[in-house]
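S.K.: Plus 27 on top of the position in the sequence shown (first one is 1) and you've got this note's numbering.
First, the structure itself, so that you have it in front of you.
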Amino acid sequence: MSPRTEIAAAPSDLLEYIGSSADAIELVDHIDWTRLPRQIAVIMDGNGRWAGQRDLPRIEGHRAGISAVREVVETAARAGIGALTLYAFSVENWKRPQSEIDALMELLKEYLARELPMLLKHSIRFNAIGRLDGLPMKVQRDVRAATVATAANTGMRFVIALNYGGRSEIIDALRGVMADVAAGKIEAAEIDEDRLCEYLYTHDLPELDLLIRTSGELRVSNFLLYQIAYAEIWVTEKLWPDFRRLDLLRAIVDFQRRERRYGSVEAGDA
Ligand code: IPE
Ligand code: IPE
Ligand code: MG
Numbered sequence: 028m029s030p031r032t033e034i035a036a037a038p039s040d041l042l043e044y045i046g047s048s049a050d051a052i053e054l055v056d057h058i059d060w061t062r063l064p065r066q067i068a069v070i071m072d073g074n075g076r077w078a079g080q081r082d083l084p085r086i087e088g089h090r091a092g093i094s095a096v097r098e099v100v101e102t103a104a105r106a107g108i109g110a111l112t113l114y115a116f117s118v119e120n121w122k123r124p125q126s127e128i129d130a131l132m133e134l135l136k137e138y139l140a141r142e143l144p145m146l147l148k149h150s151i152r153f154n155a156i157g158r159l160d161g162l163p164m165k166v167q168r169d170v171r172a173a174t175v176a177t178a179a180n181t182g183m184r185f186v187i188a189l190n191y192g193g194r195s196e197i198i199d200a201l202r203g204v205m206a207d208v209a210a211g212k213i214e215a216a217e218i219d220e221d222r223l224c225e226y227l228y229t230h231d232l233p234e235l236d237l238l239i240r241t242s243g244e245l246r247v248s249n250f251l252l253y254q255i256a257y258a259e260i261w262v263t264e265k266l267w268p269d270f271r272r273l274d275l276l277r278a279i280v281d282f283q284r285r286e287r288r289y290g291s292v293e294a295g296d297a
């Protein structure tokens, strides 16, 4: 890694949280704090394999994944990331055994209840995206409660994708557009990329700059299909339960070393 040229101090909040190991110091030194990804999205994958390697039931992998969620949320918030979007349950995940689905929903409820003080402490604003009305009522209620409890927070946006599908999101956006055209609120001819974005679940989030996937799979599994158009993709072999605070910083360092061209011949900003 070549040393960065710009000098902007790492947030002291973060330094306190990641400690002063040689790895932590080196990573922090290579991050340009003026050029952080605006939004990071994560496909948290590999919980089942993590459990399988230990002869444990898959649900134990999901349970172990909670500590990775906790660390990544707190690291991102302390680092000053604008928004963090985690893929927790896809529209396709209903194909899993009912016992696994129930356990995942239960873990989500436990997570929200337990993490609320941390979200408030760091002024993190939480919400969920996806077809939320398809979730069990108890989960909908807890998601709503955490959304309301953090609504006035002004720090990082923390978004969990639940019963989420990228194609469903585009269909829901199209339905919204068509309803507004029918109601005479907008003209069909006014629809362009910016207007369509206003109908996506992510309409109030900053640009997605970095997509992380764990456990080595090279696919996007129906996540944020519209939003990843020019996102940088970073894949690690690590299984999600093994993902730690420094791994997020590694992804940021790699992101900043990439040249983003947006179809042009030289690097530039979106
Ligand atoms: C990701 O881990 C968690 C969810 C999809 C909820 P998996 O459960 O997909 O783990 P693997 O891919 O089977 O290892
Ligand atoms: C993607 O992981 C969905 C989530 C992380 C919630 P999956 O494990 O469900 O995706 P595939 O089956 O590998 O594509
Ligand atoms: Mg998987």
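Even glycine gets a Cβ: it sits at the ideal position worked out from N, Cα and C.
Source: prediction; values computed, not measured.
Residue 175: buried (16+ other C-beta within 10 angstroms of its C-beta) or exposed?
M.R.: Classification for residue 175: exposed.
S.K.: Rounding to the nearest angstrom, what Cα-Cα distance links residue 198 and residue 254 in this structure?
M.R.: If I take the Cα positions, the gap works out to 14 Å.
S.K.: On the DSSP bridge assignment, give the partners of residue 114 in chain order.
M.R.: 70 and 188.
S.K.: Give the DSSP-derived three-state secondary structure of residue 236 in the structure shown.
M.R.: In this structure, residue 236 counts as strand in the three-state DSSP scheme.
S.K.: Which residues does DSSP pair with residue 262 in a beta bridge?
M.R.: In the DSSP output, where bridge partners are listed per residue, residue 262 has 240.
S.K.: If you measure between the beta carbons of residue 235 and residue 251, is that distance less than 8 Å?
M.R.: Yes, the Cβ-Cβ distance between residue 235 and residue 251 is below 8 Å.
S.K.: Quick check on DSSP: helix, strand or coil for residue 180?
M.R.: Coil.
S.K.: What is the rounded straight-line gap between the Cα of residue 91 and the Cα of residue 241?
M.R.: Their Cα atoms are separated by approximately 14 Å.
S.K.: Between the alpha carbons of residue 214 and residue 208, how many angstroms are there, rounded?
M.R.: Going from the Cα of residue 214 to the Cα of residue 208 covers about 6 Å.
S.K.: If you run the structure through DSSP and keep just helix, strand and coil, what is residue 58?
M.R.: Residue state, collapsed to three classes: coil.
S.K.: In whole angstroms, what is the alpha-carbon distance linking residue 126 and residue 116?
M.R.: Looking at the two C-alpha atoms, the distance is approximately 14 Å.
S.K.: When the Cβ atoms of the stretch 137 to 154 are set against those of the stretch 91 to 103, are three or more pairs found closer than 8 Å?
M.R.: The stretch 137 to 154 vs the stretch 91 to 103: in contact.
S.K.: What are the uninterrupted segments assigned as alpha helix (DSSP H) that are 4 or more residues long and contained completely in the stretch 120 to 189, given in chain order?
M.R.: Taking only runs of at least 4 residues, the alpha helix (DSSP H) segments lying wholly in the stretch 120 to 189 are 125 to 148 and 164 to 176.
S.K.: Can you list every residue whose CB sits closer than 5 Å to some heavy atom of ligand 1, going in chain order?
M.R.: Residues flagged by the Cβ proximity filter: 72, 73, 74, 75 and 76.
S.K.: Of the choices 291, 56, 273 and 185, whose alpha-carbon is the least far from that of residue 145?
M.R.: The option with the nearest alpha carbon to residue 145 is 185.
S.K.: So the candidates are 227, 284, 245 and 295; which of them puts its Cα closest to the Cα of residue 71?
M.R.: Among 227, 284, 245 and 295, the Cα nearest to that of residue 71 belongs to 245.
S.K.: So, helix, strand or coil for residue 46, using DSSP?
M.R.: Coil.
S.K.: Are the stretch 39 to 46 and the stretch 79 to 89 in contact at 8 Å, needing three or more beta carbon pairs?
M.R.: These segments do not touch.
S.K.: In its own chain, which residues sit with a C-beta less than 7 Å from the C-beta of residue 153, not counting the 5 before and 5 after it?
M.R.: Excluding residues within five positions, the ones whose Cβ falls inside 7 Å are 146, 173, 174, 177 and 185.
S.K.: Quick one: grab the DSSP three-state call for residue 213.
M.R.: DSSP places residue 213 in coil when its eight states are reduced to three.
S.K.: Classify residue 274 as buried or exposed, calling it buried when 16 or more other Cβ atoms lie within 10 Å of its own Cβ.
M.R.: Looking at its Cβ environment, which holds 16 or more other Cβ atoms inside 10 Å, residue 274 is buried.
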